[in-house]
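**Student:**
Chains as they are written, first to last, in my numbering: chain D, 1 to 727; chain S, 728 to 1454.
1. Hey, which unbroken runs of the beta strand (DSSP E) at 3 residues or more fall wholly within the stretch 920 to 957 of chain S?
2. Spatial neighbours of residue 289(D) within its chain, please: CB distance less than 8 angstroms, with the 5 preceding and 5 following residues excluded, ordered by chain position.
3. Let me know the secondary structure DSSP gives residue 669(D) once reduced to three states.
4. Please list the segments of the beta strand (DSSP E) lying wholly inside the stretch 1027 to 1103 of chain S, counting only runs of 3 or more residues, in order along the chain.
5. Considering only the alpha carbon of each residue, which of 1063(S), 1083(S), 1084(S) and 1052(S) lies closest to residue 1070(S)?
6. Assign residue 252(D) to one of two classes, buried (16 or more other C-beta atoms within 10 Å of its C-beta) or exposed (fewer than that).
7. Taking Cβ-Cβ distances shorter than 8 angstroms, what residues in chain D pair up with residue 905(S)?
8. Whose C-beta lies closer than 8 angstroms to the C-beta of residue 98(D) among residues of the same chain, with five residues either side of it excluded?
9. Straight-line CA distance for residue 389(D) to residue 105(D)?
10. Can at least three beta-carbon pairs, one atom from the stretch 1150 to 1161 of chain S and one from the stretch 1191 to 1202 of chain S, be found at a separation below 8 angstroms?
11. In the DSSP assignment, find the beta strand (DSSP E) that holds residue 1357(S) and state where it starts and stops.
12. Between residue 1404(S) and chain D, is any beta-carbon pair separated by less than 8 angstroms?
13. Are there 16 or more other CB atoms within 10 angstroms of the CB of residue 697(D), so buried, or fewer, so exposed?
14. Is residue 762(S) helix, strand or coil when you go by DSSP?
15. Mind checking the stretch 1360 to 1375 of chain S against chain D and listing, in chain order, the residues whose C-beta falls within less than 7 angstroms of any C-beta there?
16. Excluding the 5 residues preceding and the 5 following residue 529(D) in the sequence, name in chain order all residues of the same chain whose CB lies nearer than 7 angstroms to its CB.
17. With respect to the beta strand (DSSP E) encompassing residue 820(S), which residues constitute its N-terminal and C-terminal limits?
18. For chain D, is any of its Cβ atoms less than 8 angstroms away from the one on residue 763(S)?
19. What are the start and end residues of the beta strand (DSSP E) that includes residue 451(D)?
20. Residues in the stretch 134 to 164 of chain D with C-beta within 9 angstroms of chain S's C-beta atoms, listed in sequence order?
21. Here's the rule: buried if 16 or more other CB atoms are within 10 angstroms of the residue's CB, otherwise exposed. What is residue 943(S)?
22. Locate the alpha helix (DSSP H) running through residue 1328(S), then write down its first and last residues.
23. Check the Cβ of residue 1381(S) against every Cβ in chain D and list those closer than 8 angstroms, keeping chain order.
24. Let me see if you follow: with CB-CB separation under 8 angstroms, is residue 192(D) close to chain S or not?
25. Among 717(D), 716(D) and 689(D), which one has its Cα closest to the Cα of residue 706(D)?
26. In three-state DSSP terms, what is residue 610(D)?
27. For residue 990(S), report the span of its beta strand (DSSP E) as first-last.
28. Is it a yes or a no for the stretch 939 to 956 of chain S touching the stretch 981 to 988 of chain S, going by three-plus beta-carbon pairs under 8 angstroms?
29. Could you say if the stretch 1318 to 1337 of chain S and the stretch 1275 to 1288 of chain S meet the contact criterion of at least three C-beta pairs nearer than 8 angstroms?
30. Could you pull the DSSP bridge partners for residue 799(S) from this structure?
31. To the nearest angstrom, report how far apart residue 623(D) and residue 516(D) are at their CA atoms.
32. Grouping DSSP H, G and I as helix and E and B as strand, with all else coil, what is residue 506(D)?
33. Can you look up residue 133(D) in the DSSP assignment and give me helix, strand or coil?
34. What are the complete beta strand (DSSP E) segments, minimum 3 residues, inside the stretch 1360 to 1448 of chain S?
35. Using the Cα positions of residue 1297(S) and residue 1324(S), report the straight-line distance between them to the nearest angstrom.
36. Applying the criterion that 16 or more other CB atoms from any shown protein chain within 10 Å of the CB defines a buried residue, is residue 743(S) buried or exposed?
Listed below in structure tokens is the structure:
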């Protein structure tokens, strides 16, 4: 049914890419554009207290409504029976309600994002419904921008149950109407980088008590990001609830403070961080906090105890603490902890089970990306997925270290004949390692040379299923179906040695400890060298045609694409998504960061030298290829780069994918299905045209070919060694 | 009644400035803040065909609704009896309907801006009411920005009656919903400078025929600025109607084309401009077009005839063709023309009556700012006004050259005892003349030294009544009541000699014919020299205290204020309104203009030298005074200048006056009465504090004093000669 809808769009059918057809492999079929669009994004998973079932939330594009919808499903862990409980505009913060078989979640079923109880059959009962006046999203008057979702009118920001289910901590938000007040100084300068006029809100922190009464613990200003974003890191103790808030000092410095609210005397106090230290993040079995330390191919797993002493569990080929891995768990008796791991070499996700004197890992062929466990941590449920494994629910037996598949999350994708996708670690000419994957074209024939596209986004090239945080609207799998090699290449690891780590530290901490030239080499040109050398290896092996190589990336990847195109002549076409960091126009909005990278503002002649070496728009004359930029809003830096390219005669296109209405924008990670389909089709048309010289009269971008012809004919000619002056 | 409302605001009463009190002069009173706010802005005037009455439109701030409202009044020219016909959100394009005693106008009475007939008693009857989907104004989705008015939903854009009243030419507009289309390239880059996401519209040009049927003559795209702004310059001929439209060439060049629609065969044709030349602008009695030519203190009045031959009427101390003067008229018999004049030395507005062999002027003590005449041009009605003359309706007897006052436009202001305001022409140290006015403080005492404020806005310092295009929200008259000298100083005239004219030509035509240094000297520093020398003259005369001199200006004046403060140490305080030209961040939006001024973009090291000499934010370290910026939106250049000032330790405030709602902004010329009151009070508080050290606990800005104290204490010290390093 869902697939049927996906096939309904005339433009899609016309382009011929949506019609599934079988491969030789046991009736399985190849990737279609509809498959790319319908890749489910698992957002949350929670196991029932009895361990017999689990619930999870996926977000999936719905073509009919042109929205990304959220779906809540329950899986019987014994037999895999899966039932859809609820479908809504938004579902998150899924929790089991202790001592019941019900769930709670923030849900938008039309009244804004509110807190509901979900019964066994998916029926919803309001727990907290608050007027939804504050907007989170990329719209006019929103209190905070969104990241991949439609503007969300929000009543309830967060919630947490006490372990006995008798108490509920929750946070509501209220927009503050700006009215006609004049705004001054910082209230104005903060809007420099804002596309949309921002709104203001206040948060109220409540405790619902066993008798059902609500007590207001605090109201918090919008500057308290711990309340507005981090859900206060709530920890329930026997006699009190502890939660974090952020205070802003007179000089603007941010400080997280832990509050405790005692149930008996109904008073709040501030916890002394030296005495009453609380480890909510990656707790270890010794009462401390786990982390991975050191540089290189393996890391020390260390628990830092209250007081600062450490215990070293040994050296492992994985790291804990990666934000993309599963979060940390500690058993009720405190004897066992589970931390999510990411392998350093072949970047897949697993679990480390840490007991006082023992560490064992739970590792599968691919990745364990979302997990939850019963309170004893004896068993749990996870989402398993990998490049060639569509997501599935698995049951985990912790003592045995066994993982068993229970149910598919996406039968649609189970029907696809997997592509050949190999993990790789490349060593570039400077000796730096970069991990990644090679996606082989379907039906590869030895001896034939293929076109290729490098796709890059920081270190998101890991073993997950068509992960959009990495591949954005670059339809990697469809490119492989269409005869391209795709190289998913990560940035060289920033922790492989002390030198590159120092460069990243200087960049991230915005120090000016290192000269701009060092950062340029290690953080940008080093990555370009990795892409070039990865391509060269496959060229030398005779499988890639060096005249038909492209590159694509969004956000951090967009930086890298823009730097690659202005420093390398390997790539004949590029697609750069929603980025513009390194452009001079952004200086005032990221001054500290640019001071570290360039040594000062672009109006300082000494720093301008460095901008002219690195800022893509100032190197437009070096480009030897066609550059498409796809953006979610008319960003100034993207516009500047586009204008510079066109001025230099470089074939270039700047495509703005609009929001749902005039008052809102598409988000950095696109959330509007028609935009996603459009962006993928545009990337296909762009690379097919500029790398292969192919035109598809059925493409919705076919009307752009005459302009591309004209730009191509007028472009400065480049040869293999570099750019030659025309004529 | 209206005044009563103006006095109602608590903040205003508390500040003590709204309470009128008498002067010694025959029971007349002094200026109040309410008077400043209530200065009427005359927008249109039309005389009845029989010449016995005239109608006019004024816009006046209405405190109660916090809107600027439009009022239509009719005046009996025989006895001055004035009647209010209509009060609405918007009224413009006032026309008499030929052969009737009714009027027509575009009016917004709640259904958007539509075309109505207005009867003798002010009753309105719809002529054309079209769905008002297109917005003109500074709001989200507007098709064009506004200039001093609330966002106007618009159904009818323009209209014109045939001389016999039998036919009506009119234009409707329809917004085009953008929907979900991807936008490309120029559609994206054009939004770089836009605060609000723009909308799109199409215009439809109609002819209503004698039988009442409507014929669609053409639909026009938004790129046709002649249709969207210039109301097509409609000219009625016996057998056809002629109108202009703008066509855009393939290279983007704009070309105005005249179309003719023949009534008989109902066909449109393009007029050959070489054969069928039509002079709609400043027509002369010989069938040509009038203009003033030459440089210096007097100009040749020239009529350029079809074919290019010219007739010179002689040399006069005025210029015709100034956009602020009355437009041109030609009598039915073609024997007489009337052109509005602006005096070159003492810049007031009058009329030149031009017959084939004779020119005579109609000049009053002050200015004639809006006029209309009966078809013979024998007599007419005008608005007369001057610095010390509130606007009034006057009757003009053209053959006799007589002007007779008929009725007041603003009895409220007639009750004010006029200030002493003298026209001046200053010659600066470089020999350049600048015109302007000196406003004397009320009750000036010889021998005492007074504080002073220079107010500047290009050449808008002319003889009109408290003209807001010149003085913006700087309450010049109230400053004089409070003991300040105010110097209204124009830019040195750009036509006083060939050298400065060449500099302005290079700037305006965006050539790079002259070196940046020449433009900097002649267009910016030359003006600063005029301000300094005007102040010096009054200092030398013993009337101004050199330690208490400020400067204020908006838009072009804001450029000049920012340049003055970063190049001169004469001014201890400044207020800079809604401007930011010359800031590097604006480069991409005004590239041609900046290339002329600076020689290239700021990222070109050779051009950067010139930015560092002239861009205010790059000279923040040179400032010796406190700088307030009042803005209508969070403009990037204003933000950059503010940030640079604060970084340099300069006392600075950036105040954003908000729009009516989250989706719209205040306009460049403020239109929200509460913002106007606020901005004037802020300017009073700012100059009183920084020039006089005065605090008013009742000021709505009193809560800013502690911050000003802190900024003042931390500011780098300056002495008379310049800035000294601290400590």
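Every residue gets a Cβ at the ideal spot worked out from N, C-alpha and C, and that includes glycine.
Small disclaimer: the values here were computed from a predicted structure and weren't measured.
**Tutor:** For this structure:
1. 927 to 935 and 941 to 948
2. Within the first chain, residue 289(D) is the residue found at index 289, counting from 1. Cβ neighbours of residue 289(D) beyond the five flanking positions: 279, 281, 282, 283, 303 and 304.
3. Position 669 of the first chain, counted from the start, is the residue given in the question as residue 669(D). It is coil, neither helix nor strand.
4. Whole beta strand (DSSP E) segments, 3+ residues: 1037 to 1043, 1045 to 1047, 1063 to 1070, 1076 to 1082, 1085 to 1089 and 1094 to 1100.
5. Within the second chain, numbered from 1, the residue matching residue 1070(S) stands at position 343. Considering only alpha carbons, the answer is 1052(S).
6. Locating residue 252(D) in the first chain gives position 252, where the first residue counts as 1. Counting Cβ neighbours within 10 Å, residue 252(D) comes out exposed, since fewer than 16 surround it.
7. Counting from one through the second chain, the residue named residue 905(S) turns up at place 178. Result: 658 and 662.
8. Your numbering for residue 98(D) matches position 98 in the first chain. Excluding positions up to five away in sequence, the list reads 49, 161, 162, 163, 164 and 165.
9. On the first chain, position 389 is the one that residue 389(D) refers to. On the first chain, position 105 is the one that residue 105(D) refers to. Whole-angstrom Cα-Cα distance: 28 angstroms.
10. no
11. If you number the second chain from 1, residue 1357(S) lands on position 630. Unbroken beta strand (DSSP E) run through residue 1357(S): 1353 to 1358.
12. The count along the second chain starts at 1 and reaches residue 1404(S) at position 677. Closer than 8 angstroms: no.
13. Within the first chain, numbered from 1, the residue matching residue 697(D) stands at position 697. Answer is exposed; the Cβ neighbour count stays below 16.
14. In the second chain, the residue the question calls residue 762(S) occupies position 35. Residue state, collapsed to three classes: helix.
15. 1361, 1363, 1366, 1367, 1369 and 1370
16. Numbered from 1 along the first chain, position 529 holds the residue referred to as residue 529(D). Excluding positions up to five away in sequence, the list reads 428, 429 and 430.
17. Here residue 820(S) refers to the residue found at position 93 of the second chain. 817 to 823 is the extent of the beta strand (DSSP E) around residue 820(S).
18. Taking the first residue of the second chain as position 1, residue 763(S) is located at position 36. Chain D, which has no Cβ nearer than 8 angstroms to the Cβ of residue 763(S), makes this no.
19. Taking the first residue of the first chain as position 1, residue 451(D) is located at position 451. It spans 450 to 455 - the beta strand (DSSP E) in which residue 451(D) sits, taken as one unbroken run.
20. Shown in chain order are the members of the stretch 134 to 164 of chain D whose Cβ falls below 9 angstroms from a Cβ of chain S: 140 and 141.
21. The count along the second chain starts at 1 and reaches residue 943(S) at position 216. Under this definition residue 943(S) is an exposed residue.
22. What you label residue 1328(S) is simply residue 601 of the second chain in a count that begins at 1. Looking at the DSSP string, residue 1328(S) is not in any alpha helix (DSSP H), and its letter there is neither H nor E.
23. Numbered from its first residue, the second chain carries residue 1381(S) at position 654. Ordered by position in chain D, the residues that pass the 8 angstroms Cβ test against residue 1381(S) are 184, 185, 188 and 189.
24. For this step, residue 192(D) is matched to residue 192 along the first chain. Chain S contact via Cβ: present.
25. Numbered from 1 along the first chain, position 706 holds the residue referred to as residue 706(D). Comparing Cα positions, the closest option is 689(D).
26. Locating residue 610(D) in the first chain gives position 610, where the first residue counts as 1. DSSP places residue 610(D) in helix when its eight states are reduced to three.
27. Taking the first residue of the second chain as position 1, residue 990(S) is located at position 263. No beta strand (DSSP E) contains residue 990(S), which DSSP labels as neither H nor E.
28. yes
29. no
30. Indexing the second chain from 1 puts residue 799(S) at position 72. DSSP, once it has assigned bridges, lists 784(S) and 813(S) as partnering residue 799(S).
31. As a working note, residue 623(D) is residue 623 in the first chain. As a working note, residue 516(D) is residue 516 in the first chain. Rounded to whole angstroms, residue 623(D) to residue 516(D) spans 22 angstroms at the Cα level.
32. Start at 1 with the first residue of the first chain, and residue 506(D) comes out as number 506. In this structure, residue 506(D) counts as helix in the three-state DSSP scheme.
33. Along the first chain, read from residue 1 onward, the residue named residue 133(D) stands at position 133. Correct three-state label for residue 133(D): coil.
34. The qualifying runs are 1379 to 1383.
35. By 1-based counting over the second chain, the position of residue 1297(S) is 570. By 1-based counting over the second chain, the position of residue 1324(S) is 597. Approximately 25 angstroms, taken between the alpha carbons.
36. Against the second chain, residue 743(S) aligns to sequence position 16. Because the pLDDT at residue 743(S) is just 42, under 50, the model does not fix this residue reliably, and the point stays unresolved.
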